[in-house]
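Residue numbers (this note's numbering): 904 to 1117.
Think of the CB as a built atom: it goes at the ideal place given N, C-alpha and C, for glycine as much as any other residue.
Being a predicted model, the structure only gives us computed values, none of them experimental.
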């Protein structure tokens, strides 16, 4: 007498795919954390150790470093995009939600700034496509956080794109400078935006008409 497996083949296959996705997400989380502390050139063994897997497991998912860096980049973008609405619901204060989102954004920029070097020969077209993806996904999220924090009229004076670009400029090279704290400067910038509430100074459209403005 034989017994058959009561689990349908389709259910088993779906469970395996779900496990594979969870494992990949865990690897990406580990890689992102290591990239923040050690840069995108960090040894794969550090990522493997943080994820609790062997080096071979990482290479099975991501055969090359560019593939890993791009995957981490997309993973972080999606995490930031999803975090905005969650923070607004859970933070209890829109200003605090914006501050917490910016803290995550600064960590993400460590990966973004190392992307071109990691892509190597594919840096031009590949990096441009990823940059457009990053703008399309994150600017609306930052706009929504700003509007919630300072109101729709005031948020128009400092747009999500402006704030993100300003933070990006503050973060350039910050991960390599022991005496430079990009995270603190980014939070000071956010504090200024929240304190001013967009009530002082010219509107965005007026800035570009000033002599010598770019």
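For residue i, collect the residues of the same chain with a Cβ closer than 6 Å to its Cβ; drop the 5 residues on either side in sequence, then sort them by chain order.
| i | result |
| --- | --- |
| residue 980 | 1037, 1040 |
What's the C-alpha gap between residue i and residue j?
| i | j | result |
| --- | --- | --- |
| residue 1061 | residue 1007 | 20 Å |
| residue 986 | residue 962 | 29 Å |
| residue 958 | residue 1011 | 24 Å |
| residue 996 | residue 1052 | 8 Å |
| residue 1035 | residue 977 | 12 Å |
| residue 1089 | residue 1068 | 11 Å |
| residue 974 | residue 949 | 17 Å |
| residue 1111 | residue 1005 | Note that residue 1111 scores 34 on pLDDT, short of 50, meaning its location in the model is unreliable and no value can be drawn from it. |
| residue 1056 | residue 988 | 20 Å |
| residue 1099 | residue 1050 | 14 Å |
| residue 998 | residue 1044 | 14 Å |
Between the options, which has its C-alpha nearest residue i's C-alpha?
| i | options | result |
| --- | --- | --- |
| residue 1009 | 1051, 1066, 971 | 1066 |
| residue 1070 | 974, 1001, 917 | 1001 |
| residue 946 | 975, 1086, 968 | 968 |
| residue 984 | 1047, 1093, 922 | 1047 |
With DSSP as the reference, label residue i as helix, strand or coil.
| i | result |
| --- | --- |
| residue 955 | coil |
| residue 975 | helix |
| residue 1100 | coil |
| residue 1053 | helix |
| residue 915 | helix |
| residue 940 | helix |
| residue 1005 | helix |
| residue 1075 | coil |
| residue 1021 | helix |
So, at 7 Å on beta carbons, what are the nonlocal neighbours of residue i in its own chain, with the 5 sequence-adjacent residues on each side left out?
| i | result |
| --- | --- |
| residue 953 | 933, 936, 937 |
| residue 943 | 972, 1014, 1017, 1021 |
Any C-beta of chain B sitting closer than 8 Å to the C-beta of residue i?
| i | result |
| --- | --- |
| residue 1070 | As a matter of chain content, chain B is missing from the structure shown, which is built from one protein chain. |
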